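Engineer: In this text, residue positions in the sequence shown follow this note's numbering: the first is 283, and each later residue adds one.
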Amino acid sequence: MNSKQALQVAFKNRAKRWVPVVEKEKNNPLVAMNRFKTGEYFFVDSSPSFKIGSDSSVYTVGSCFARNVERSLLECGVDLIGQDFSIDSNYLLESVGFMGNQVNNRSALNKYSTFSICEEFERVLLHKEVLDSGFIRISEDGWIDPQLASVLRPLPFSELLKVRQSVDSLVGEVVKADVIFITLGLNEVWFDNHTKTYLNSSPPPSLLRSDDSRFTFAAPDIIEVYEKLSSTVDLISRMSEKDPKFVVTVSPVPMSTTWTSSDVVVANTISKSSLRVCAEKLTNDFGNVDYFPSFEMVLNSPRALAWGDDELHVRPQMVDFVIGNFVERYVDQ
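Right, dumping it as structure tokens:
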């Protein structure tokens with residue numbers, strides 16, 4: 283844009299200042315310095331390009347933060363596709379990890395990378411055939427589905443296939459959504475050289491040790507991440523029965539472990555930065571995509587308010603603040 287256009291954009295941006303530069307901005311609550319000094323949940327401005335009507339349906343996909351988003355959207359009365367979906371609790375682990383993080387019957391839907399998100403939609407919408415359904419055998423009659431989050435017990439193939447079919451049925455409903463809410467999680471991925479699929483979760487350590495040729499690890503660059511993200515939006519848009527709009531966010535929840543040689547804090551920064559850049563490019567390349575700054579709201583809020591005791595998961599009150607802002611801006615009530 284030319285200089286005149288740049289001046290017009292800056293003039294209209296009510297949150298353009300980090301610090302005040304003229305006297306009348308000194309007490310402006312939208313000056314970033316003033317927002318930080320409140321010690322409260324951090325407000326980040328944004329301008330929606332569309333509204334979610336009372337008759338609109340919303341489909342959510344993404345990391346564990348997407349499950350938090352679902353909860354808050356339901357409390358606000360938004361029509362959430364698949365809100366009654368559940369997996370038999372007998373199939374679920376009681377908890378995950380040393381910290382004993384609890385799981386629920388929607389935790390299996392968590393999608394952590396643009397690769398696993400794209401993999402799932404291509405499999406369902408394009409009826410992509412995958413060897414062994416992409417399952418991994420870990421014992422004589424125990425199989426796991428690496429396309430789901432690692433919250434299911436190993437199951438016999440036939441039972442696991444029933445779970446997969448129920449998930450696929452839900453995934454197929456995305457074509458009926460007016461709005462698709464995508465939460466990007468991380469960018470480290472594993473590839474199964476046997477089934478030729480990208481995994482949603484890390485392979486079992488025992489298999490990594492016993493067969494070093496089956497799985498390949500990668501930390502994709504921005505170009506590769508964006509290719510998967512844009513392919514997903516393009517595919518859903520083409521297959522949709524509606525004229526869908528997309529809201530893309532980056533989950534503030536950090537990776538719990540990195541497979542790289544970097545400090546996990548450094549690896550997480552690289553991961554989130556690349557996802558944030560891809561989300562921004564997506565809004566520039568697609569006219570039906572908005573970015574919502576939940577990531578910036580959480581990261582810039584006081585840690586004591588934003589984060590749970592494990593410094594990994596976001597407190598429910600913080601999520602409520604974020605989604606409250608989303609509903610206020612997007613939902614036509």
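Every residue, glycine too, gets a C-beta built ideally from N, C-alpha and C.
Note that this is a predicted model, so its numbers are computed, not measured.
Does the beta-carbon of Gly254 have 16 or more other beta-carbons within 10 angstroms, so that it is buried, or is it exposed?
Structural biologist: Nothing can be reported for residue 254: it is not among the residues displayed for the chain, which extend from 283 to 615.
Engineer: From the DSSP output, in three-state form, read off Met381 for me.
Structural biologist: Here Met381 scores only 42 on pLDDT, less than 50, and its place in the model should not be relied on; the value that follows carries that caveat. In this structure, Met381 counts as coil in the three-state DSSP scheme.
Engineer: Check for me: the beta strand (DSSP E) holding Arg419 runs from which residue to which?
Structural biologist: Looking at the DSSP string, the run of the beta strand (DSSP E) that includes Arg419 is 418 to 421.
Engineer: Looking at the secondary structure, which residues open and close the beta strand (DSSP E) in which Phe499 lies?
Structural biologist: It spans 497 to 500 - the beta strand (DSSP E) in which Phe499 sits, taken as one unbroken run.
Engineer: Would you kindly check if the distance between the Cβ of Asn570 and the Cβ of Asp614 is under 9 angstroms?
Structural biologist: Contact: no.
Engineer: When we look at the beta-carbon of Arg520 and count the other beta-carbons within 10 Å, is it buried (16 or more) or exposed?
Structural biologist: It is exposed - the Cβ of Arg520 has fewer than 16 other Cβ atoms within 10 Å.
Engineer: In whole angstroms, give me the CA-to-CA distance for Gln599 and Gly606.
Structural biologist: Using only the alpha carbons, I get a separation of about 10 angstroms.
Engineer: Taking the alpha carbon of Leu437 as the reference point, which residue from Val461, Asp474, Leu374 has its own alpha carbon closest?
Structural biologist: Out of Val461, Asp474, Leu374, Leu374 has the C-alpha closest to the C-alpha of Leu437.
Engineer: Rank Ile418, Ile363, Leu312, Leu430 by C-alpha distance to the C-alpha of Ala229 and give the top, closest one.
Structural biologist: As shown, the chain starts at 283 and ends at 615. That puts residue 229 outside it, with no answer to give.
Engineer: Distance check for Val601 and Asn350, CA to CA, integer angstroms please.
Structural biologist: Their Cα atoms are separated by approximately 7 angstroms.
Engineer: Identify the continuous alpha helix (DSSP H) that holds Val559 and give its terminal residues.
Structural biologist: From DSSP, the alpha helix (DSSP H) with Val559 extends over 546 to 567.
Engineer: Grouping DSSP H, G and I as helix and E and B as strand, with all else coil, what is Val604?
Structural biologist: Note: Val604 maps to helix in three-state DSSP.
Engineer: Which ranges does the alpha helix (DSSP H) cover as unbroken runs of at least 4 residues, wholly within the segment 491 to 538, from first to last along the chain?
Structural biologist: 504 to 521, all fully within the segment 491 to 538.
Engineer: How far does the beta strand (DSSP E) with Phe473 in it extend, from its first residue to its last?
Structural biologist: Note, Phe473: beta strand (DSSP E), 471 to 474.
Engineer: Give a yes or no on whether the C-beta atoms belonging to Val453 and Val406 are separated by under 9 angstroms.
Structural biologist: Contact flag set, yes.
Engineer: Spatial neighbours of Asn475 within its chain, please: CB distance less than 8 angstroms, with the 5 preceding and 5 following residues excluded, ordered by chain position.
Structural biologist: For Asn475, where only same-chain residues beyond five positions count, the Cβ hits under 8 angstroms are Ser495, Arg496, Phe497, Thr498.
Engineer: Please report the straight-line C-alpha distance between Val326 and Asp545, rounded to a whole angstrom.
Structural biologist: Going by the C-alpha atoms only, they are around 29 angstroms apart.
Engineer: In angstroms with no decimal places, state the Cα-to-Cα distance between Val532 and Ala561.
Structural biologist: C-alpha separation (whole angstroms): 8 angstroms.
Engineer: For Pro330, collect the residues of the same chain with a Cβ closer than 7 angstroms to its Cβ; drop the 5 residues on either side in sequence, then sort them by chain order.
Structural biologist: Asp572, Arg611, Tyr612.
Engineer: Whose C-beta lies closer than 8 angstroms to the C-beta of Ile504 among residues of the same chain, with five residues either side of it excluded?
Structural biologist: Hits under 8 angstroms: Ser556, Val559, Cys560.
Engineer: Please return the same chain residues whose Cβ sits closer than 8 angstroms to the Cβ of His595, not counting the five positions on each side in sequence.
Structural biologist: If we look at His595 and ignore the five residues flanking it on each side, its Cβ neighbours are Cys346, Asn383, Val535, Trp589.
Engineer: The beta strand (DSSP E) that contains Thr342, what's its start and end?
Structural biologist: Counting along the chain, the beta strand (DSSP E) containing Thr342 begins and ends at 339 to 344.
Engineer: Mapping the DSSP letters down to three states, classify Tyr394 as helix, strand or coil.
Structural biologist: Coil.
Engineer: If you measure between the beta carbons of Val471 and Phe397, is that distance less than 9 angstroms?
Structural biologist: Result yes, Cβ atoms of Val471 and Phe397 sit closer than 9 angstroms.
Engineer: Using the DSSP secondary-structure output, state which residues sit across from Val406 in a beta bridge.
Structural biologist: The partner list for Val406 (beta bridge, DSSP) is empty, contrary to what the question assumes.
Engineer: Roughly how many angstroms lie between the CA atoms of Glu441 and Phe463, to the nearest whole one?
Structural biologist: Cα-Cα distance, rounded: 30 angstroms.
Engineer: Ordered along the chain, which non-local residues of its own chain (more than five positions away) have a Cβ less than 7 angstroms from that of Leu511?
Structural biologist: Result list for Leu511: Thr396, Cys560, Leu564, in chain order.
Engineer: With a CB to CB cut of under 6 angstroms and the five nearest residues on each side skipped, what residues in its chain are close to Gly379?
Structural biologist: Any reading at Gly379 needs caution, since the residue's pLDDT is 45, under 50, leaving its predicted position unreliable; the model's value is listed next. Once the five neighbours on either side are set aside, Gly379 has no close Cβ partner at all.
Engineer: Going by the beta-carbon positions, is the gap between Glu352 and Arg388 smaller than 9 angstroms?
Structural biologist: The answer is yes: Cβ separation under 9 angstroms.
Engineer: To which residues does DSSP link Asp572 through a beta bridge?
Structural biologist: According to DSSP, Asp572 bridges with Val529.
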